[in-house]
Amino acid sequence: MPDFSRYKICSSNRVALLLLLAACLIALAGGHAQAQDSGGTSVARLALLPAPPQLAASSYLLLDAHTGKVIVEQGADQQLPPASLTKIMTAYIVSSELEKGSITHDDMVPISVKAWKMGGSRMFVREGTQVRLEDLLRGVIVQSGNDASVALAEYIAGDEQAFAMLMNQQAALLGMRYSNFLNATGWPAEGHLTTARDMAALARALVRNFPAHYKIYAEKEFSYNGITQANRNGLLWRDQSVDGIKTGHTEEAGFCLVASAKRDDMRLVSVVMGAKSARAREQETQKLLAYGFRYYQTHTLYTAGEEISSSKVWAGKAKTFPLVLSEDLSVTIPRGQRDALQAKIAVDKEVVAPVEEGTVYGQLNLVLGGELIAQRDLVAGAGVEQAGFFARLWDQIILFVRGILGLSD
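FYI, in the numbering used here the residues of the sequence shown are 21 to 429.
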């Protein structure tokens with residue numbers, strides 16, 4: 021047997037070797053995979069879902085106002101004349117200027133000859149008078165007044181052409197890629213076009229950004245100068261869940277309707293363009309809304325700041341830190357399929373302190389039936405300061421050994 025007595029190992033070296041061995045054991049004990057699954061199962065049975073309705077219209081789209089999930093669409097990117105749906109953008113800009121404080125509800129707006137002479141649907145304002153801005157806004161939304169639209173456009177931008185430039189700038193900000201506005205009314209003009217998808221994006225932004233002003237869209241009538249006119253959106257009388265938004269009609273555009281309805285905690289936005297009659301646009305809209313509410317549901321799965329997972333941190337005063345979402349996460353999915361959702365979490369490898377709160381360190385993927393339906397960044401829910409010198413050194417030794425052994429996460 022070999023004689024090991026001649027190999028003298030000092031106590032300090034013996035301690036170092038033991039520490040190194042401990043580091044190796046810790047490395048071996050460490051988990052390798054940073055991907056995690058939670059919720060749902062691959063064998064969960066998906067609920068049966070009937071095909072969406074086929075509408076008698078040129079194009080249409082249905083989406084959830086909260087999540088933006090498109091539930092039904094047909095020809096949604098086809099450029100079409102919007103008729104008075106244009107006034108949704110006109111009113112949106114007015115609401116935006118009101119929120120900024122650059123105009124007020126009580127401003128007195130002068131009525132020009134051009135505004136007074138406008139044909140089509142009118143509020144019946146008179147040339148040379150001044151009309152309260154809030155009355156003009158109701159004249160646009162409830163009465164679909166071309167005269168009111170031009171008066172507001174001139175008051176905000178100086179003239180209607182300059183206002184149309186504002187409309188197109190706002191459309192670009194909202195991601196309305198295929199819209200081009202040439203006037204504030206929707207009066208027929210070559211090149212004045214939009215799409216069902218763009219109109220849905222505008223309506224969704226209106227509902228979300230200006231809830232106080234949106235209430236006007238539910239008003240069934242408005243009186244001005246002794247003349248009472250009813251809102252042309254007949255669904256306000258036929259469906260109690262409908263509370264907006266706007267109709268449109270020209271010979272070229274056909275009959276159009278952008279509508280929004282809320283049942284329980286779910287709000288849908290529908291767009292129907294190019295229907296054959298006023299009655300038809302309402303009936304087709306009701307088909308869309310009925311399908312969405314009957315077969316889909318919106319769930320808030322996680323709230324902002326809620327701990328979704330955690331991550332190990334090296335060389336820090338804390339050993340782990342929480343991973344959270346920076347905002348609520350909601351999804352719109354077919355009814356009865358929540359249990360089939362799968363949450364797949366990927367966490368960054370070998371995070372070393374310092375950790376700054378709010379920094380992205382992972383990702384949450386939601387999968388339904390093999391399809392990715394939502395993806396969000398996971399951020400540090402709390403910061404972690406660096407540990408002292410010796411603690412950092414120790415963790416660096418462990419990381420070094422893990423790297424040699426190929427055990428990096």
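Built from N, CA and C at the ideal position, the CB exists for glycine as well. Here the structure is a predicted model, which is why all the values come from computation and not from measurement.
- Setting aside the 5 residues that flank it on each side, R412 is surrounded in the same chain by A335 and Q406, each with a C-beta closer than 7 Å to its C-beta; the list follows chain order.
- Rounded to whole angstroms, the gap between the alpha carbons of L172 and Q303 is 32 Å.
- Secondary structure at T124: coil, using DSSP grouped into helix, strand and coil.
- Within its own chain, the residues whose Cβ lies closer than 8 Å to the Cβ of T87, once the five positions on either side in sequence are excluded, are T318, S350, V351 and T352, listed in chain order.
- The region 201–255 contains, as complete alpha helix (DSSP H) runs of 4+ residues, the segments 216–229 and 231–234 (chain order).
- Beta-bridge annotation (DSSP): Y311 is not paired with any residue.
- Taking one beta carbon from each stretch, the region 291–308 and the region 128–143 have fewer than 3 pairs nearer than 8 Å; the two do not touch.
- Nearest to Q163 by alpha-carbon distance, out of L105, D218, Q181 and A182, is L105.
- Where M187 is concerned, the enclosing alpha helix (DSSP H) starts and stops at E180 to L193.
- The count of Cβ pairs closer than 8 Å, one atom from the region 269–285 and one from the region 98–113, reaches three, so the stretches are in contact.
- In the DSSP assignment, E93 is bridged to L81.
- Apart from the 5 residues on each side of it in sequence, A238 sits with its Cβ closer than 7 Å to the Cβ of L256, D263 and G264 in its chain, given in chain order.
- Within a 10 Å sphere around the beta-carbon of T323 sit fewer than 16 other beta-carbons, which makes this residue exposed.
- Excluding residues up to 5 positions away in sequence, I131, V133 and W136 lie with their Cβ nearer than 6 Å to the Cβ of E147 in the same chain.
- Comparing C-alpha distances from P342 to each of Y198, V404 and A310 shows the shortest one belongs to V404.
- When G356, E241, L384 and L308 are compared, the shortest CA-CA separation from I328 is found for L384.
- At a Cβ-Cβ threshold of 8 Å, I176 and E117 count as neighbours.
- Collapsing the DSSP output to three states places L384 in a strand.
- Between D218 and the set R422, Y198, G408 and P231, the nearest pair of CA atoms involves Y198.
- Around the beta-carbon of F409, fewer than 16 other beta-carbon atoms lie within 10 Å, marking it exposed.
- Nearest neighbour of L288 by Cα position, chosen from M185, P101 and R314, turns out to be R314.
- In the displayed model, D368 falls within coil according to three-state DSSP, outside both helix and strand.
- When L321, A103, P102 and G159 are compared, the shortest CA-CA separation from V387 is found for L321.
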